[in-house]
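Residues 1 to 240 in UniProt numbering are what the sequence shown spells out, letter by letter. C-beta atoms are modelled at their ideal positions from N, C-alpha and C, and glycine is treated no differently. Values in this document were obtained by computation on a predicted structure and should not be read as measured data.
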Amino acid sequence: MVRYTFALRGPPKNESSDIVLEEKSIDIYNEEQLSEHFLCEINPYGQVPVLASPVLEKTIPDSLQITHHIASLYPSLVPDSHEEQISSLLSDLHSLNYFSLSFSGKEHVAHGFKTAVQQRLNGNINDRYRTALNFKLDVIERQKIAGLDPRTVEEMNQRAKALMQQFDSLLAESTPKERDNLSHHVTWLFGLPRPTALDAHLIVFIDRMLKVGREEVVPERLKSYAQRAMGQNEWKTLGP
Numbered sequence: 001m002v003r004y005t006f007a008l009r010g011p012p013k014n015e016s017s018d019i020v021l022e023e024k025s026i027d028i029y030n031e032e033q034l035s036e037h038f039l040c041e042i043n044p045y046g047q048v049p050v051l052a053s054p055v056l057e058k059t060i061p062d063s064l065q066i067t068h069h070i071a072s073l074y075p076s077l078v079p080d081s082h083e084e085q086i087s088s089l090l091s092d093l094h095s096l097n098y099f100s101l102s103f104s105g106k107e108h109v110a111h112g113f114k115t116a117v118q119q120r121l122n123g124n125i126n127d128r129y130r131t132a133l134n135f136k137l138d139v140i141e142r143q144k145i146a147g148l149d150p151r152t153v154e155e156m157n158q159r160a161k162a163l164m165q166q167f168d169s170l171l172a173e174s175t176p177k178e179r180d181n182l183s184h185h186v187t188w189l190f191g192l193p194r195p196t197a198l199d200a201h202l203i204v205f206i207d208r209m210l211k212v213g214r215e216e217v218v219p220e221r222l223k224s225y226a227q228r229a230m231g232q233n234e235w236k237t238l239g240p
């Protein structure tokens, strides 16, 4: 979501606001996110993305917080005219448990995360690292393991459906009827001439839901909207 938001960022607020993002890959398959350095110095939640810079007082370890930081430098991402609505809907979108929606029925994935942390806790480690690992273990149990409880999965599925209906209505209000069938044209939320951070996060969410087989969550109009956006260069430059 952050990478696509940055790709859609538009012009900077001023010359000094323009930034260059240097991406650093974290090897999650080899559990680099569970290293002492990462948990204690970068992100105690042991997750990506994280925004780190010498000019920041501290790292920003959450995609929504990173997005608001980027939007403070590139104002078209959250224009003043729709700031309250965009911020509210972004919060609603991020209140969903994406793990519940993406990994339902795959409890072994969550338990694999837990086992990886427990193995490190069983080692000869310092107190700082032990404290960080225990915090990460709590995060896994609350957000991952509990998130795969069938009742939680169903709750998240219903909440996602309701929220997508809200976005669908918003898009319908913004889309001129004569453009409904134009395959090449993207009408952005609120009928704005440029995409906002809300468009960026919504399109990535829709893409994720389609990839994990939750097509029923996404209304047809939103599917078309996302597909048109994903046909543009900003999406294509992100790679697979």
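{"Check": "Could you give the C-beta distance for Val139 and Tyr45, rounded to a whole number, given that I count them as a contact under 8 Å?", "Outcome": "6 Å"}
{"Check": "Suppose contacts are defined by Cβ-Cβ distances below 8 Å. Is Ile60 in contact with Leu73 by that definition?", "Outcome": "no"}
{"Check": "Alpha carbon to alpha carbon, what distance is there between Leu121 and Ser17?", "Outcome": "43 Å"}
{"Check": "Count the CB pairs spanning the segment 109–129 and the segment 20–28 that are closer than 8 Å, and state whether there are at least three.", "Outcome": "no"}
{"Check": "Pairs of beta-carbons, one from the segment 63–81 and one from the segment 184–200, closer than 8 Å: are there three or more?", "Outcome": "yes"}
{"Check": "What runs of the alpha helix (DSSP H), each 4 residues or longer, lie entirely inside the segment 134–178?", "Outcome": "150–174"}
{"Check": "Which of helix, strand or coil does DSSP assign to Ile203?", "Outcome": "helix"}
{"Check": "Check whether the Cβ atoms of Leu163 and Phe103 sit closer than 8 Å, and answer yes or no.", "Outcome": "no"}
{"Check": "Pull up the DSSP beta-bridge partners for Ile26, would you.", "Outcome": "For Ile26, which the question treats as bridged, DSSP gives no partner whatsoever."}
{"Check": "Since Ile60 sits in a beta bridge, which residues does DSSP pair it with?", "Outcome": "Leu51"}
{"Check": "CB Ser174 to CB Leu189, shorter than 8 Å?", "Outcome": "yes"}
{"Check": "If we count the other Cβ atoms within 10 Å of its Cβ and call it buried at 16 or more, is Val55 buried or exposed?", "Outcome": "exposed"}
{"Check": "Any idea what DSSP makes of Asn124, helix, strand or coil?", "Outcome": "coil"}
{"Check": "With burial defined as no fewer than 16 other Cβ atoms inside 10 Å of the residue's Cβ, what is the status of Asn134: buried or exposed?", "Outcome": "exposed"}
{"Check": "Could you have a look at Ser72 and say whether DSSP puts it in helix, strand or coil?", "Outcome": "helix"}
{"Check": "Put Arg208 into one of helix, strand or coil per three-state DSSP.", "Outcome": "helix"}
{"Check": "Which residues in the same chain have their Cβ closer than 6 Å to the Cβ of Lys114, if we skip the five residues on either side of it in sequence?", "Outcome": "Ile140"}
{"Check": "Do the segment 230–237 and the segment 208–220 make contact, defined as three or more Cβ pairs closer than 8 Å?", "Outcome": "no"}
{"Check": "Give me, in chain order, the residues of the same chain whose beta-carbon lies closer than 8 Å to that of Ile145; leave out the 5 immediate sequence neighbours on both sides.", "Outcome": "Glu107, Ala110, His111, Lys114"}
{"Check": "Given a threshold of 16 other Cβ atoms within 10 Å of its Cβ, counted over all protein chains shown, does Ser95 qualify as buried or as exposed?", "Outcome": "exposed"}
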